[in-house]
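Let me begin by presenting the structure, written as structure tokens, before commenting on it.
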Amino acid sequence: MALLRADFRLEPASCYVDARCPRYKVIVPAETDLAPLLPYLNAVAKVMYYDPGEPALVFKFQGFKVAVRRDNVQIGPVPDAEIGRRAKEKVEEFLEKVWAERENITPRHDPRTLPPPLEIYRLLPGTNCGQCGELTCMAFAVKLCALEAEPSDCRPLYEDPKFSDRRRELEAFFS
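Numbering (my numbering), first residue to last: 244 to 418.
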């Protein structure tokens with residue numbers, strides 16, 4: 244059974260679309276109610292937000308933010324319809340795979356929200372060493388919140404035993 248319809252539309256991803264750097268979101272109508280899929284996605288995807296009451300889930304997938312609601316999936320940002328079509332196909336394949344393998348996945352029903360960057364920053368070493376690839380620990384915290392980096396990218400957090408409690412707390416946010 245298909246979860247998503249074949250058709251999709253592009254909408255501006257922000258109030259103002261710069262012709263030199265267009266940003267759109269792909270909106271794909273659901274073929275069926277997607278709410279039963281969300282606890283399984285919550286268990287396996289890189290989730291940024293999950294509200295089972297709404298129901299809505301936002302996760303990061305291959306560089307795109309994907310929002311799944313009961314009646315549609317939104318993917319973005321994309322620069323044009325062709326990349327939007329390819330992103331839709333990849334996301335649809337992932338959703339279908341999760342749904343097909345749900346018997347082997349323990350669903351996760353608890354709501355999830357990533358903490359703000361300042362809360363994550365307080366768990367980092369604060370050395371601004373740059374080993375993560377960012378100039379400052381605050382910049383790294385922002386990347387973590389956007390799921391553009393992994394906690395393990397902070398080498399001092401993993402190499403220095405005095406940060407082990409902070410590391411475990413940080414990892415709990417991203418598990």
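Where a beta carbon is used, it is the ideal one built from N, C-alpha and C, also for glycine.
Ranges of the beta strand (DSSP E) found wholly within the segment 277-308, counting only runs of at least 3
289-294 and 299-304
According to DSSP, which residues form a beta bridge with LEU361?
Position 118 of the sequence shown, counted from the first residue, corresponds to residue 361. According to DSSP, which records beta bridges pairwise, LEU361 is partnered with nothing at all.
Quickly, what does DSSP pair GLY319 with across the bridge? List them, please.
Mapped onto the sequence shown, residue 319 falls at position 76. For GLY319, which the question treats as bridged, DSSP gives the partners LYS308.
Taking contact to mean 3 or more Cβ pairs, one atom from each stretch, closer than 8 Å, check whether the segment 346-365 and the segment 376-386 are in contact.
yes
Using only the alpha-carbon positions, how far apart do ALA286 and LEU366 sit?
By one-based count along the sequence shown, residue 286 stands at place 43. By one-based count along the sequence shown, residue 366 stands at place 123. Roughly 24 Å separates the two Cα atoms.
Helix, strand or coil, according to DSSP, for GLU377 in the structure here?
Mapped onto the sequence shown, residue 377 falls at position 134. GLU377: coil per DSSP, three-state reduction.
In whole angstroms, give me the CA-to-CA distance for ARG351 and LEU280.
Against the sequence shown, residue 351 aligns to sequence position 108. Against the sequence shown, residue 280 aligns to sequence position 37. C-alpha separation (whole angstroms): 11 Å.
Restricting to Cα atoms, I'd like to know which of TYR292, LYS268, TYR267 and LEU247 is closest to PHE416.
On the sequence shown, residue 416 is found 173 positions in, with the first residue counted as 1. Taking only the C-alpha atoms, the option nearest PHE416 is TYR292.
Helix, strand or coil at ALA330 [DSSP, three-state]
Position 87 of the sequence shown, counted from the first residue, corresponds to residue 330. Reduced to three states, the DSSP call for ALA330 is helix.
Buried/exposed call for GLN317, threshold 16 Cβ in 10 Å
As a first step, residue 317 is located in the sequence shown; it is residue number 74 there, counting from the start. The residue is buried, with at least 16 neighbouring Cβ atoms inside 10 Å.
For a quick check, are the C-beta atoms of VAL309 and VAL334 less than 9 Å apart?
Your numbering for residue 309 matches position 66 in the sequence shown. Your numbering for residue 334 matches position 91 in the sequence shown. Their beta carbons are under 9 Å apart, which means VAL309 touches VAL334 by this criterion.
For VAL303, the nearest candidate out of VAL271, LEU400 and CYS388 (CA to CA)
Residue 303 sits at position 60 when you count from the first residue of the sequence shown. It should be noted that the sequence gives Lys, not Val, for residue 303. Closest option to LYS303, Cα to Cα, is CYS388.
Considering only the alpha carbon of each residue, which of ASP353, THR356 and ASP396 lies closest to GLY373?
Residue numbering aside, residue 373 sits at position 130 when the sequence shown is read from its first letter. Closest option to GLY373, Cα to Cα, is ASP396.
With 16 other CB atoms within 10 Å as the buried threshold, where does ALA249 fall?
Here residue 249 refers to the residue found at position 6 when the sequence shown is read from its first residue. Result: exposed.
Considering ARG252, what are the terminal residues of the beta strand (DSSP E) in which it resides?
As a position in the sequence shown, residue 252 is number 9, starting the count at 1. Unbroken beta strand (DSSP E) run through ARG252: 252-255.
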